[in-house]
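Student: Take this structure first; my questions come after.
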Amino acid sequence: MGRRSRVAEILVAVLLLALSAACGSRLPESDFEHDDRTPEPRDAAPLRVGIITSATSPVGGSAFTGPRDGARAFFDRLDARGGIDGRRIEVRTCDDGGSGVGNNECVHKLVEEDRVVALVATTALDYAGASRVSRAGVPDIGGQPIGTAYDTYPHLYGIYGSLAPRDGTPGWNGKLYGGTEVYRYFKREHGARTAAVVSYNQSASAAYARLVERGLRAEGYKVVTEQVDFALPNFRAVAADLKEQGSDLVFDAIDRHGNARLCQAMDEAGVHVTAKVTNVQNWTSTVADDYKEAPRCRNALWATGASRNFEDTGDTAVREFREATKDLKTHSQWQLEGWAAARWFTDAAASCASTGITRACVDAFMNRSQGYTAGGLLLPVRFDRLPEPPKTGRTCLSVARWQDGRGWVGQGDMNRTCFTVPQLAYAP
Numbered sequence: 111m112g113r114r115s116r117v118a119e120i121l122v123a124v125l126l127l128a129l130s131a132a133c134g135s136r137l138p139e140s141d142f143e144h145d146d147r148t149p150e151p152r153d154a155a156p157l158r159v160g161i162i163t164s165a166t167s168p169v170g171g172s173a174f175t176g177p178r179d180g181a182r183a184f185f186d187r188l189d190a191r192g193g194i195d196g197r198r199i200e201v202r203t204c205d206d207g208g209s210g211v212g213n214n215e216c217v218h219k220l221v222e223e224d225r226v227v228a229l230v231a232t233t234a235l236d237y238a239g240a241s242r243v244s245r246a247g248v249p250d251i252g253g254q255p256i257g258t259a260y261d262t263y264p265h266l267y268g269i270y271g272s273l274a275p276r277d278g279t280p281g282w283n284g285k286l287y288g289g290t291e292v293y294r295y296f297k298r299e300h301g302a303r304t305a306a307v308v309s310y311n312q313s314a315s316a317a318y319a320r321l322v323e324r325g326l327r328a329e330g331y332k333v334v335t336e337q338v339d340f341a342l343p344n345f346r347a348v349a350a351d352l353k354e355q356g357s358d359l360v361f362d363a364i365d366r367h368g369n370a371r372l373c374q375a376m377d378e379a380g381v382h383v384t385a386k387v388t389n390v391q392n393w394t395s396t397v398a399d400d401y402k403e404a405p406r407c408r409n410a411l412w413a414t415g416a417s418r419n420f421e422d423t424g425d426t427a428v429r430e431f432r433e434a435t436k437d438l439k440t441h442s443q444w445q446l447e448g449w450a451a452a453r454w455f456t457d458a459a460a461s462c463a464s465t466g467i468t469r470a471c472v473d474a475f476m477n478r479s480q481g482y483t484a485g486g487l488l489l490p491v492r493f494d495r496l497p498e499p500p501k502t503g504r505t506c507l508s509v510a511r512w513q514d515g516r517g518w519v520g521q522g523d524m525n526r527t528c529f530t531v532p533q534l535a536y537a538p
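Residue numbers (this note's numbering): 111 to 538.
Here it is in structure tokens:
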């Protein structure tokens, strides 16, 4: 099974739009040169695990906290059941503020000062400290691939896996590859033929839109491109053209607020589409509120990803997640993936209990964890260091659509919704 396409995931970077993360000096290299692989005594203090999150960032306070909240819920439940080999988990969190300087400070604190055995569910807008984490030999387990770090460095294990060499250069000679499975799905399952791509006149947004357009054309779609001014977007004009062009699908490279306004304009213009396609970050329980002014468009929202729908409570693993997080005000797919990341660490650490839970032992488990699914929550994850990029790949999809009164409704078995599709190169 091929690695999950990163095309949907890199949309997170578009959230920055005209904003930029803070620049400045980096911490000295010497602060990160010590490689701590000494086993702790069996009767040592609780296991320390670090979680780095851009909890306060230029794109909003709640944009990146889902994986952290899901991981903490798992560890709380684990401790209530006795921990790992009788040792509870001591979670150390760090908010990097969405900046590279802040990220380096978090890495320094958690890796060097707190000496965590692993990082879990990292969700960093600017993962500037990734090379230091790798150099210290600290396994970073189940992080969200917002940037290129998880396709660049060894010891970093993104939630969706990687086929890249991870030798210090992103992907293969600086290029990453993504598949066209999302576009193939809507073409095969729903007969879609015309797709619109909406973007801002801003570099990150436009670059992502071009990537989506290329994938759609590779799958034989007629592509309608719509670009609006970032400062004064005219979504009514976009909606009118979408209706005129008869678009079956709408993809976008715009932020959450822009999406809500676009949907409202589509409803007002009487635009009917097969699907308004969004990504895993927007797969949340807040849709009814986010799109309260656009009921028709709201009920045309579809999300695709690589993890089991958090609303699929008929599944045992999902049911455990929902029970443990029942006190959270909202739920999201990123929370479920953070939960899966914590479970991944737990399985790795448990395998080391008899010999000593060290960074090196946990890392060795991660290198061996081909096909890992976190009890069925994830599509099977692979970490293969392929010397050449794949030309095609067999990739499966988790698909859900929003329906008022029911929430996100799963569309088929994610382990059977699979396609062999071309892998397209793009520069990150």
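Every residue, glycine too, gets a C-beta built ideally from N, C-alpha and C.
Note that the structure is a prediction, hence the values are computed from the model and not measured.
Please determine if the region 434-452 and the region 392-412 are in contact, where contact requires at least 3 C-beta pairs separated by less than 8 Å.
Tutor: Short answer: they touch.
Student: Taking the alpha-carbon of A434 as reference, which of F185, S164 and P177 has the nearest alpha-carbon?
Tutor: Checked all of F185, S164 and P177; the closest Cα to A434 is F185.
Student: Let me know if Q480 comes out buried or exposed under the rule of 16 or more other beta-carbons within 10 Å of its beta-carbon.
Tutor: It is exposed - the Cβ of Q480 has fewer than 16 other Cβ atoms within 10 Å.
Student: At what residues does the alpha helix (DSSP H) containing W512 begin and finish?
Tutor: Per DSSP, W512 belongs to no alpha helix (DSSP H); it is in the beta strand (DSSP E), S508 to Q513.
Student: Which runs of the beta strand (DSSP E) spanning at least 3 residues fall entirely within the region 447-534, listed in chain order?
Tutor: The region 447-534 contains these whole beta strand (DSSP E) runs: 502-506, 508-513 and 517-520.
Student: Suppose you measure from the CA of A302 to the CA of H382; what does that come to, to the nearest Å?
Tutor: A302 and H382: Cα-Cα distance of roughly 13 Å.
Student: Could you tell me the distance, in whole angstroms, from the CA atom of A328 to the CA atom of D422?
Tutor: Rounded to the nearest angstrom, the two C-alpha atoms are 32 Å apart.
Student: Given a threshold of 16 other Cβ atoms within 10 Å of its Cβ, counted over all protein chains shown, does A347 qualify as buried or as exposed?
Tutor: Counting Cβ neighbours within 10 Å, A347 comes out exposed, since fewer than 16 surround it.
Student: Please state whether the Cβ-Cβ distance between T232 and G253 is less than 7 Å.
Tutor: Going by C-beta atoms, T232 is nearer than 7 Å to G253.
Student: For H265, does the count of other Cβ atoms within 10 angstroms reach 16, so buried, or fall short, so exposed?
Tutor: Label assigned to H265: buried.
Student: Ignore the nearest five residues each way along the sequence and tell me which others in L321's own chain have a CB closer than 6 Å to its CB.
Tutor: For L321, where only same-chain residues beyond five positions count, the Cβ hits under 6 Å are Y536.
Student: What residue range is occupied by the uninterrupted beta strand (DSSP E) comprising K297?
Tutor: No beta strand (DSSP E) holds K297; the alpha helix (DSSP H) holding it covers E291 to H300.
Student: Between the Cα of D236 and those of R225, P255 and K436, spot the shortest distance and give me the residue it belongs to.
Tutor: When each option's Cα is compared against that of D236, the closest is P255.
Student: Is the Cβ-Cβ distance between V387 and F361 less than 7 Å?
Tutor: Yes.
Student: Determine the burial state of P275: buried for a count of at least 16 other Cβ atoms within 10 Å of its Cβ, exposed for fewer.
Tutor: Per the 10 Å Cβ criterion, buried.
Student: Could you tell me the alpha carbon to alpha carbon distance between G380 and V308, rounded to whole angstroms?
Tutor: So the alpha carbons of these two residues sit roughly 17 Å apart.
Student: Nearest to E354 by CA position, among T335, A451 and G330, is which residue?
Tutor: Comparing Cα positions, the closest option is T335.
Student: With a threshold of 8 Å on Cβ separation, who are the neighbours of P532 within its own chain once the five nearest residues in sequence on each side are excluded?
Tutor: For P532, where only same-chain residues beyond five positions count, the Cβ hits under 8 Å are G289, T290, A328, K501 and T502.
Student: For G160, collect the residues of the same chain with a Cβ closer than 6 Å to its Cβ; drop the 5 residues on either side in sequence, then sort them by chain order.
Tutor: So the list reads R202, L220, V226 and L229, once near-sequence residues are dropped.
Student: Report the residue ranges of all alpha helix (DSSP H) runs contained in full by the region 395-431; include only those spanning at least 4 residues, in chain order.
Tutor: The region 395-431 contains these whole alpha helix (DSSP H) runs: 397-400 and 405-408.
Student: For the beta strand (DSSP E) containing Q337, list its first residue and its last residue.
Tutor: Start and end: K332 to V338.
Student: What are the boundary residues of the alpha helix (DSSP H) that G368 is part of?
Tutor: Taken as a continuous stretch (DSSP letters only), the alpha helix (DSSP H) holding G368 covers R366 to A379.
Student: For the beta strand (DSSP E) holding D224, just list the boundary residues, first then last.
Tutor: Neither: D224 is in no beta strand (DSSP E) and is coded neither H nor E.
Student: Could you give the residue range of the alpha helix (DSSP H) that holds E323?
Tutor: Looking at the DSSP string, the run of the alpha helix (DSSP H) that includes E323 is S313 to A328.
Student: Can you tell me where the beta strand (DSSP E) with V169 in it begins and where it stops?
Tutor: First-last for V169: undefined, no H or E at that position.
Student: If distances are taken between C-alpha atoms only, which option among L507, G520 and A370 comes closest to C528?
Tutor: It is L507.
Student: What first and last residue would you give for the alpha helix (DSSP H) that runs through F345?
Tutor: F345 -> alpha helix (DSSP H) spans F345 to Q355.
Student: Can you check whether the CB of A375 is closer than 7 Å to the CB of F345?
Tutor: Yes, the pair counts as a contact, with Cβ atoms nearer than the cut-off.
Student: Measuring CB atoms only, is the region 279-289 touching the region 422-431, in the sense that at least three cross pairs come out at less than 8 Å?
Tutor: Output reads no: the region 422-431 does not touch the region 279-289.
Student: Which residues bound the beta strand (DSSP E) around F185?
Tutor: Segment G176 to A190 is the alpha helix (DSSP H) holding F185; no beta strand (DSSP E) there.
Student: Pull the bridge partners of G160 from the DSSP assignment, please.
Tutor: According to DSSP, which records beta bridges pairwise, G160 is partnered with R202 and L229.
Student: Please report the residue range of the alpha helix (DSSP H) in which A240 lies.
Tutor: Segment A240 to R245, the alpha helix (DSSP H) holding A240.
Student: Between which residues of its own chain and A234 is the CB-CB distance below 7 Å, once the five residues before and five after are set aside?
Tutor: Counting only Cβ-Cβ distances below 7 Å, and skipping sequence neighbours, we find I162, S164, D206, N213 and I256.
Student: Given this structure, state the Cα-to-Cα distance separating I269 from N477, to the nearest angstrom.
Tutor: So the alpha carbons of these two residues sit roughly 13 Å apart.
Student: Taking a contact to mean a Cβ-Cβ separation below 7 Å, would you say D351 touches A370 in this structure?
Tutor: Cβ distance not < 7 Å, so D351 and A370 don't count as in contact.
Student: State the start and end residues of the unbroken alpha helix (DSSP H) segment that holds V211.
Tutor: Note, V211: alpha helix (DSSP H), G210 to V217.
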